[in-house]
Amino acid sequence: MREKKNIDRLFQEKFKDFEVHPGDHLWEKIASKKEEKQDRKIIPFWLRLGGIAATLALLIALGSTFFNSNSSSEKVVDTENTFPSEDSDTLTSNEESLTPTTTNDIQNTNDSNSTIATSNNTEKSSSSRETTNKAPEQQQITQNKNSQFKNNNALKSSIVEIQNTSADSNGSQNATRPLNTTTIVTPTQNTPEKTAVAASENNLEKRETSNNFQEPKNLGTVNTSEKGIAENEIATDVNAQKTQDNQKDLVEEAKAIQAAREEEAIASVDINENNNKRWDIGAVAAPVYYGDFGGSGIDPEFKDNKKSGDVNLSYGVQVSYALNNKFKVRTGVSNVDLSYGTEDIAFSPDIEARQLRGVNYTQNARFLSISDNNTQTNALSENSSDVQGGGRSVTPGSINQQVAYIEIPVEAVYVLSDNRFGVELIGGVSTLILNDDNISLESSGGLRTTLGNSNSLNEVSLTTNIGVGLNYKITDNVKVNMEPSFKYQVNAFDSSVGDFKPYYLGLYTGVSYRF
Amino acid sequence: VSLDQLITNCQKKNIKAQEQLYKRYASTLFSVCLKYSPNYADAEDTLQDAFMIIFDKVTQYKNKGSFEGWLKRVTINTALQRYRKQTVLDIINEENIRDVDVEVDEESIPLDFLLRIIQELPDRYRLVFNLYVLDGYSHKEIAKMLEISEGTSKSNLARARNILKDKIEKVNTHQPLRQTQTR
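From first to last, the protein sequence lines are chains A and B. Numbered according to my numbering, the first sequence spans residues 1455 to 1969. Numbered according to my numbering, the second sequence spans residues 15 to 197.
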């Protein structure tokens, strides 16, 4: 029967009750893929985390080495080379250009000017020597010194300018003006190369102020801060007619200097804070060994059985905050996998199997009778007549219990030593949140089957932690840590089952970054 | 076991419950996978992926709307994840966007054949056709799901319809082809 049909409706009708069974083999695939995924998940996550940490560490290490070398040694060299020489250059040119343009009367003043210049020079060189001496010391101090030194320089150069202007007022205005501008420009161009930007801005500001005013009386202010170098000589050259303006400028100049000082103070505080970084963040990983002080997490019957702790991986991140030089508080989050085996058990299939108290059985495992191997053999020999030739086969084996937690520690860190090699004592508690657990049976032949999960594990439990932290500082900011820790679990298991008292030992290693 | 109980057990990651869930819904969801995938083997892979996601995300199911609907959406999204990235050439031709009629002998067209020609569609055409025609999504929704424009969705649908029509008409060889669509 042929008919014209809307294509959408054709498909809709045909597919209305469309169902296809995928075949049973697919479930097996899904089940195995699930296990595979669980196994796989841990490693790539850790690798990724580790990769990130390593890259971060590498970058920071490289970065800070470059920065350190730039900020400490090179800067000092800069200041020494460019600043004083630049200044003395301009000073000399000042003298040279001043000499031909000035009249005989003013010649004296010029002489006195150059005296000031030289005295300035000497002081400058002395202060630069001071800087050189201090240079090997800590970076912080050097930086402070540097900025102070620059400040001095700035003051000095303003003296120089004032010298020029005093010459100006004596009649050589045209000749000295252009020179003044060069004096100002050269140092300003140099300063951006220095890392202490705040300080260089100070210099710039000061120079501009002194340039704008061009008043001989400025010298008064500057001189007072410079312990009155050559105050008398210049003061004698001051023209009386300018005194009123000078008063105003004096105040302004004082303000400018004050502002500069404050800015510099702020800058140096910043530098201090840089070295006072309080936060520390890092990634850690640890092999953890699960042990116990007796009891059983599975059944009271196994209390005295031999147990074998396994070594698993724990990994996570840590953040710490330094309260002061000695104390830090630390927290973080990490994943902990723990497992242990209960040895010397025997199992056999049994329709009316006695169930272990601590196990929540899966459907399949319900028909397994599991008991202490010693008692089992006794029981067997007693009843051997009953079961002679019977189908009950008893297999020796072990029970493996796996527990996975999310651990959130809150710990106090006491710093014993904070040199390149650091030593710390760590104590605190961790909250453990149950993530996953599994109890499986393993035959001595190596076959393994899942029994179920534990019914005695608490969802949330605590550990008390104690550890010793050792660290090595690769740079000021990056540390490699190693920390053997002992963590005793307080209420991990319901005590009614087997009075199990587990603990775990971990060797936590990692990289951390301070900021 | 009631459905609610089954869901709760699955949320606790109970392996037994997961298997039951699989048995209950595998057929329904596999049919979705078959329609959205290019072949049987791919459909199996898609179904596997879908169940992995379902077992993982079942904790996020909050009893809003039907559970089967939720499972279908997850499955469809899984298929979309797999195939939406493969791009096809988009030529938006508004003229093509209209209903397409096809003359068929309905009894003579087996479901297998219809499924096969859906699977043979280019990825994006197949997704759009399934979403719009068989699962009732609007062009607006499809555009969002596939990260394309509504116009592209419409044009893809039109092209899918035309391809399907051509193929259906070709098998009905004893009947002369109706006026062929201009491509």
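Virtual Cβ for every residue (Gly too), placed ideally from N, Cα, C.
Would you say residue i and residue j are within 8 angstroms of each other, going by their C-beta atoms?
i	j	result
A:Asp1798	A:Lys1760	yes
B:Lys30	A:Gln1817	yes
A:Asp1791	A:Ser1762	no
A:Tyr1931	A:Phe1875	Residue identity differs from the one stated: residue 1931 of chain A is Asn in this sequence, not Tyr. It is not a contact, given that the beta carbons lie outside the stated cut-off.
A:Ser1884	A:Asn1919	yes
B:Met159	B:Leu94	yes
A:Lys1782	A:Ser1793	no
A:Val1787	A:Gly1770	yes
A:Leu1959	A:Phe1940	yes
A:Thr1963	A:Val1738	yes
B:Val88	B:Ile21	no
B:Val46	B:Phe127	no
A:Ser1894	A:Gly1851	no
B:Ser169	B:His153	no
B:Asn144	B:Tyr50	yes
A:Lys1468	B:Gln62	no
Answer yes or no: does any C-beta atom of chain B fall closer than 8 angstroms to that of residue i?
i	result
A:Ile1484	yes
A:Glu1473	yes
A:Asn1460	yes
A:Pro1476	yes
A:Trp1481	yes
A:Lys1487	yes
A:Phe1821	no
A:Lys1468	yes
A:Gln1856	no
A:Thr1903	no
A:Gln1809	no
Look at the alpha carbon of residue i and the alpha carbon of residue j, and state the distance between them as a whole number of angstroms.
i	j	result
A:Lys1927	A:Asn1779	16 angstroms
A:Asn1925	A:Ala1511	14 angstroms
A:Gln1466	B:Gly150	10 angstroms
A:Gly1900	A:Ala1800	14 angstroms
A:Ala1866	A:Gly1881	6 angstroms
A:Val1705	A:Gln1712	10 angstroms
A:Gln1943	A:Asn1789	15 angstroms
A:Arg1820	A:Ala1740	36 angstroms
A:Arg1732	A:Tyr1859	29 angstroms
B:Leu125	B:Pro136	19 angstroms
A:Leu1916	A:Asn1889	14 angstroms
A:Ser1908	B:Gly165	56 angstroms
A:Val1869	A:Glu1861	23 angstroms
A:Phe1947	A:Asn1766	20 angstroms
A:Phe1954	B:Thr92	45 angstroms
B:Leu171	B:Tyr146	8 angstroms
A:Glu1806	A:Gly1812	18 angstroms
A:Glu1489	A:Gly1517	43 angstroms
Consider the Cβ of residue i: report whether some Cβ of chain A lies at a distance smaller than 8 angstroms.
i	result
B:Gln95	no
B:Val185	no
B:Tyr151	no
B:Ala40	yes
B:Met66	yes
B:Glu139	The sequence given here places Tyr at residue 139 of chain B; Glu does not occur at that position. No, B:Tyr139 does not count as interfacial toward chain A.
B:Arg87	no
B:Lys179	yes
B:Leu48	yes
B:Arg98	no
B:Glu134	no
B:Ser45	yes
B:Leu20	no
What would DSSP say about residue i, mapped onto helix, strand or coil?
i	result
B:Leu128	helix
A:Phe1747	coil
B:Arg96	helix
B:Phe81	helix
A:Ala1739	strand
A:Asp1471	coil
B:Asn23	helix
B:Lys49	helix
B:Tyr139	helix
A:Lys1782	strand
B:Tyr36	helix
A:Lys1681	Since pLDDT at A:Lys1681 reaches only 44, below the 50 mark, its modelled position is unreliable, and the value read off the structure follows with that caveat. Residue state, collapsed to three classes: coil.
Please give the ranges of any beta strand (DSSP E) in the stretch 1899-1938 of chain A, keeping only runs that are unbroken, at least 3 residues long and fully inside the region.
1902-1908 and 1914-1927
Unbroken stretches of the alpha helix (DSSP H), 4 residues or longer, contained in the stretch 148-187 of chain B:
153-160 and 164-185
Length at least 3, wholly inside the stretch 1785-1834 of chain A: the beta strand (DSSP E) runs in chain order:
1813-1815 and 1822-1826
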